[in-house]
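In the order they appear, the protein sequences are chains A and B. Letter by letter, the first sequence follows residues 1 to 342 of the UniProt record's numbering. Letter by letter, the second sequence follows residues 1 to 342 of the UniProt record's numbering. Single-structure report; data block below.
Number of protein chains: 2
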Amino acid sequence: MARRWTSQDVAALAGVSVATVSYVMNGRMIDRIPAPTREKVLSAARQLDYSPNRAAQSLRRQKTEQICLVVDSIGVPVIDQLARDLHAAADDIGYGLITIVVGSDERGEKATRLLHQRIADGAVIAPSNVFRFREESLGDLARGGLPLVVMNNTVRPAGFDVVRAPEREACGEAMDHLLSSGRRRVAFLGHHEEVTNPTTRAESARMGAYLWALARHGIDADESLIVEGADERVAGYRAATELLQRPDRPEAIFAASARSAISAIWAARDAGLAIPDDVAVVGCGNLPETEITRPRLSTVGPPTTEDFTEVSRLLFDRLLAKERLPEREITNPWAFVPRGST
Amino acid sequence: MARRWTSQDVAALAGVSVATVSYVMNGRMIDRIPAPTREKVLSAARQLDYSPNRAAQSLRRQKTEQICLVVDSIGVPVIDQLARDLHAAADDIGYGLITIVVGSDERGEKATRLLHQRIADGAVIAPSNVFRFREESLGDLARGGLPLVVMNNTVRPAGFDVVRAPEREACGEAMDHLLSSGRRRVAFLGHHEEVTNPTTRAESARMGAYLWALARHGIDADESLIVEGADERVAGYRAATELLQRPDRPEAIFAASARSAISAIWAARDAGLAIPDDVAVVGCGNLPETEITRPRLSTVGPPTTEDFTEVSRLLFDRLLAKERLPEREITNPWAFVPRGST
DNA sequence: CTGTTAGCGCATTCAT
DNA sequence: ATGAATGCGCTAACAG
Numbered sequence: 001m002a003r004r005w006t007s008q009d010v011a012a013l014a015g016v017s018v019a020t021v022s023y024v025m026n027g028r029m030i031d032r033i034p035a036p037t038r039e040k041v042l043s044a045a046r047q048l049d050y051s052p053n054r055a056a057q058s059l060r061r062q063k064t065e066q067i068c069l070v071v072d073s074i075g076v077p078v079i080d081q082l083a084r085d086l087h088a089a090a091d092d093i094g095y096g097l098i099t100i101v102v103g104s105d106e107r108g109e110k111a112t113r114l115l116h117q118r119i120a121d122g123a124v125i126a127p128s129n130v131f132r133f134r135e136e137s138l139g140d141l142a143r144g145g146l147p148l149v150v151m152n153n154t155v156r157p158a159g160f161d162v163v164r165a166p167e168r169e170a171c172g173e174a175m176d177h178l179l180s181s182g183r184r185r186v187a188f189l190g191h192h193e194e195v196t197n198p199t200t201r202a203e204s205a206r207m208g209a210y211l212w213a214l215a216r217h218g219i220d221a222d223e224s225l226i227v228e229g230a231d232e233r234v235a236g237y238r239a240a241t242e243l244l245q246r247p248d249r250p251e252a253i254f255a256a257s258a259r260s261a262i263s264a265i266w267a268a269r270d271a272g273l274a275i276p277d278d279v280a281v282v283g284c285g286n287l288p289e290t291e292i293t294r295p296r297l298s299t300v301g302p303p304t305t306e307d308f309t310e311v312s313r314l315l316f317d318r319l320l321a322k323e324r325l326p327e328r329e330i331t332n333p334w335a336f337v338p339r340g341s342t
Numbered sequence: 001m002a003r004r005w006t007s008q009d010v011a012a013l014a015g016v017s018v019a020t021v022s023y024v025m026n027g028r029m030i031d032r033i034p035a036p037t038r039e040k041v042l043s044a045a046r047q048l049d050y051s052p053n054r055a056a057q058s059l060r061r062q063k064t065e066q067i068c069l070v071v072d073s074i075g076v077p078v079i080d081q082l083a084r085d086l087h088a089a090a091d092d093i094g095y096g097l098i099t100i101v102v103g104s105d106e107r108g109e110k111a112t113r114l115l116h117q118r119i120a121d122g123a124v125i126a127p128s129n130v131f132r133f134r135e136e137s138l139g140d141l142a143r144g145g146l147p148l149v150v151m152n153n154t155v156r157p158a159g160f161d162v163v164r165a166p167e168r169e170a171c172g173e174a175m176d177h178l179l180s181s182g183r184r185r186v187a188f189l190g191h192h193e194e195v196t197n198p199t200t201r202a203e204s205a206r207m208g209a210y211l212w213a214l215a216r217h218g219i220d221a222d223e224s225l226i227v228e229g230a231d232e233r234v235a236g237y238r239a240a241t242e243l244l245q246r247p248d249r250p251e252a253i254f255a256a257s258a259r260s261a262i263s264a265i266w267a268a269r270d271a272g273l274a275i276p277d278d279v280a281v282v283g284c285g286n287l288p289e290t291e292i293t294r295p296r297l298s299t300v301g302p303p304t305t306e307d308f309t310e311v312s313r314l315l316f317d318r319l320l321a322k323e324r325l326p327e328r329e330i331t332n333p334w335a336f337v338p339r340g341s342t
């Protein structure tokens with residue numbers, strides 16, 4: 001690894017002190033440093049292809065000018081949107097965005113550790129079906145002075161802000177809609193952890209709402225209609241196809257993601273079934289694609305495509321605040337949005 | 001922002017020196033430090049909720065233990081796969097992955113600057129339709145000692161590794177296939193920059209292959225069949241729908257992405273058209289979804305879903321090498337893969 | 001076995 | 001207007 005030039009080198013080349021180099025590079029003392037000196041420094045810097053070392057800057061300035069997004073997997077559309085919005089907000093104030101992907105619980109530990117190590121000046125924890133940060137860890141982080149926004153329906157604010165979405169209620173509405181029409185066999189296309197892991201199953205809003213609605217309507221849950229790991233397009237298609245081939249095929253499909261719901265629509269159409277007459281389909285979350293399926297997909301989720309500028313604001317308010325801010329809690333509007341597929 | 005505890009504090013609390021704290025925290029001198037001392041340190045660290053400051057570590061160790069992925073937008077499936085593979089590889093050796101999104105050219109400058117500042121120990125530049133890193137910048141970066149892998153078909157290796165995909169040839173094959181069957185009206189669903197910007201249009205392998213094939217077969221390009229900004233699902237669907245409603249509708253659609261090709265299939269089916277008899281469809285890139293469309297989507301791309309472990313290896317070989325490595329160049333196999341839609 | 005110490009590269013205060 | 005000196009928090013050589 002070639003030794004990179006440092007401010008020392010630039011100073012030497014320009015015939016000034018490192019202090020002057022620092023001033024010039026940061027545009028400080030702008031009107032006290034004469035243009036010729038300034039030029040000498042700039043030219044030396046250019047000549048050496050110098051840029052200040054980030055780690056040294058962070059150490060000295062006591063901030064990284066990075067924010068961190070913690071997600072549980074890559075390629076989920078709604079998380080992409082979150083990343084985009086955060087990125088844009090960060091960019092506006094010259095901050096960068098770094099993403100940590102937490103595919104498993106042990107990786108959750110790792111993410112906590114990195115946050116602890118002040119790898120970023122603030123963080124957003126995205127909703128997840130996989131990992132459960134211990135509330136205690138989050139509290140520790142916040143108490144340590146890390147601006148933190150947690151998107152989660154159950155965690156209690158403890159020095160950090162919380163963003164909620166009333167998923168359970170909204171899903172319940174959708175299920176009621178499905179069941180009130182007399183349909184009794186409703187399949188569930190869920191995420192892996194949501195369905196398989198007993199703890200997370202109990203905590204899952206979508207799965208919970210599904211089971212609870214069934215119970216409310218006096219229907220015994222049929223485990224053979226509950227599919228795990230069917231949250232993305234291919235698995236969703238395969239699961240739906242299989243379900244719809246059965247002689248006792250379901251009259252409705254409730255999918256825990258919009259992607260698998262869209263796949264379910266294809267599967268139904270490919271099977272020659274009419275939607276919603278032969279089989280109704282509902283998904284969770286609002287993707288733009290919802291508007292281009294035939295029929296248009298009914299969803300439970302926000303009324304329009306999700307937008308996370310509010311979440312960004314929570315974080316950056318905290319980040320830029322001088323003193324510690326009170327905890328805030330915001331709720332994203334979720335509701336059952338009937339379109340054509342129910 | 002609460003002052004975080006430092007190794008000094010831990011040392012004081014444990015009644016040892018900072019060196020010992022460092023040794024214990026890093027598991028060094030593991031067999032020279034007696035268990036009781038070790039315990040004291042660990043307990044003090046736990047008590048103060050201490051973790052070593054990352055910036056200080058990086059500065060001292062002269063490495064960040066992060067790698068950086070530079071992409072031009074979020075939410076492109078193939079890039080997600082790349083991110084996943086890199087992430088996994090990084091994880092294996094205790095490295096983190098940070099992603100920089102370069103939505104525009106000025107942001108490209110910023111990315112270069114960050115890389116220069118040694119925000120990471122190595123970087124992968126993903127293929128892009130948007131930004132053009134100046135070869136010179138990349139060379140500078142590499143000359144500065146940054147392990148770098150660039151995924152690009154035109155750039156020359158200059159201290160970094162290059163990953164290519166023979167897109168132009170493969171696309172040409174697909175176009176030949178389409179045109180040889182007697183079809184003359186072939187639409188193109190392209191990315192924004194690919195179609196609109198004269199420079200990038202000229203450089204685009206997919207657009208280029210399309211135009212070139214047309215010329216080869218003695219067909220005048222019809223600009224009204226060329227759609228820009230139709231690289232994602234919704235735009236692709238809308239564009240295809242519009243195209244297929246025309247009285248002189250195209251006999252084939254060549255899409256520069258797999259997602260828009262899949263949308264084109266839906267659009268055709270929704271319009272009651274038979275594929276490939278009424279309209280043939282080809283996309284670029286290999287998504288798993290390709291297997292679940294009806295008919296299955298013919299693509300130009302790698303034979304199986306893309307896998308970037310080779311790319312990861314290039315980077316990590318460089319990263320872990322003691323001395324500077326020779327430049328390597330690998331070529332991902334791209335070809336026309338006819339399935340059902342042509 | 002453990003403590004002392006010298007930087008890593010930079011920003012900043014205080015002199016001049 | 002600019003330079004010298006200090007220290008951010010940590011690691012690693014070197015002492016002892």
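For glycine and all other residues, C-beta sits at the position ideal for the given N, C-alpha and C. All values derive from a computational prediction rather than experimental measurement.
Between the CA atoms of residue j and residue i - distance to the nearest angstrom
i         : j         : result
B:Arg-46  : A:Glu-194 : 33 Å
A:Glu-323 : B:Gly-190 : 49 Å
B:Met-1   : B:Tyr-23  : Only weak support exists for where B:Met-1 lies, its pLDDT of 43 falling under 50; the value from the coordinates is given anyway. Answer to the nearest angstrom: the Cα atoms are 28 Å apart.
A:Arg-296 : A:Leu-214 : 25 Å
A:Asp-161 : A:Gly-182 : 42 Å
B:Pro-36  : A:Arg-134 : 29 Å
A:Pro-276 : A:Ile-253 : 10 Å
B:Leu-148 : B:Lys-110 : 17 Å
A:Leu-325 : B:Pro-250 : 59 Å
A:Gly-218 : A:Ser-180 : 12 Å
A:Asn-152 : A:Pro-333 : 14 Å
B:Ala-271 : A:Arg-184 : 33 Å
A:Arg-84  : B:Ile-74  : 7 Å
A:Thr-305 : A:Pro-52  : 40 Å
A:Ser-17  : B:Leu-97  : 36 Å
A:Phe-308 : A:Leu-287 : 14 Å
B:Val-78  : B:Ile-33  : 48 Å
B:Ala-255 : B:Ser-204 : 13 Å
Spatially closest choice to residue i from the options, by CA coordinates
i         : options                                    : result
A:Arg-132 : A:Val-337, A:Ala-90, A:Ala-202             : A:Ala-202
B:Val-150 : B:Thr-20, B:Leu-82, B:Gly-229              : B:Leu-82
B:Trp-212 : B:Asp-231, B:Thr-290, B:Glu-173, B:Thr-241 : B:Glu-173
B:Cys-284 : B:Arg-168, B:Tyr-237, B:Ala-267            : B:Arg-168
A:Val-41  : A:Thr-64, A:Arg-54, A:Gln-8                : A:Gln-8
A:Gly-159 : A:Leu-315, A:Ser-341, A:Asp-231            : A:Leu-315
B:Ala-14  : B:Arg-32, B:Tyr-50, B:Lys-63, B:Asp-222    : B:Tyr-50
A:Ser-224 : A:Ala-187, A:Val-281, A:Arg-238, A:Val-234 : A:Ala-187
Cβ of residue i within 8 Å of any chain A Cβ
i         : result
B:Met-1   : Any answer about B:Met-1 is weak, because its pLDDT of 43 lies below 50 and its placement is not dependable; what the coordinates show is given next. At least one chain A Cβ lies under 8 Å of B:Met-1.
B:Arg-318 : no
B:Pro-77  : yes
B:Pro-288 : yes
B:Val-281 : no
Residue i at chain B interface by Cβ criterion, 8 Å
i         : result
A:Leu-211 : no
A:His-87  : yes
A:Tyr-23  : no
A:Thr-64  : yes
A:Asp-161 : no
Near the ligand GTP: residue i beta-carbon under 7 Å from a heavy atom
i         : result
B:His-177 : Although the ligand GTP was asked about, the structure shown includes no ligands whatsoever.
Exposure of residue i, with buried meaning 16 or more beta-carbon neighbours within 10 Å
i         : result
A:Arg-156 : exposed
A:Leu-320 : exposed
A:Asn-26  : exposed
A:Met-175 : buried
B:Met-207 : buried
Exercise for the section: Anything in the stretch 93-121 of chain B with a Cβ closer than 8 Å to a Cβ of chain A? List those residues in chain order, please. Expected result: For the stretch 93-121 of chain B, the set of residues with a beta-carbon nearer than 8 Å to any beta-carbon of chain A comprises Gly-96, Leu-97, Ile-98, Thr-99, Ile-100, Val-101, Arg-107, Arg-113, Leu-114, His-116, Gln-117, Arg-118, Ile-119, in chain order.
Problem - Against chain A: residues of the stretch 44-57 of chain B by CB proximity under 7 Å - result: Cβ contacts with chain A come from Asp-49, Ser-51, Pro-52, Asn-53, Arg-54, Ala-55, Ala-56.
Practice task
Please list the residues of the stretch 3-14 of chain A that have a C-beta atom closer than 7 Å to any C-beta atom in chain B, keeping them in chain order.
Solution key: Of all residues in the stretch 3-14 of chain A, only Arg-4 place a beta-carbon less than 7 Å from a beta-carbon of chain B.
Problem - Members of the stretch 252-278 of chain B that neighbour chain A once the beta carbon cut-off is set at 7 Å - result: Residues of the stretch 252-278 of chain B that bring their beta carbon within less than 7 Å of a beta carbon in chain A comprise Asp-270, in sequence order.
Exercise for the section: Residues of the stretch 138-152 of chain A with a CB closer than 8 Å to any CB of chain B: list them in chain order, please. Expected result: Answer in chain order: Asp-140, Arg-143, Gly-144, Gly-145.
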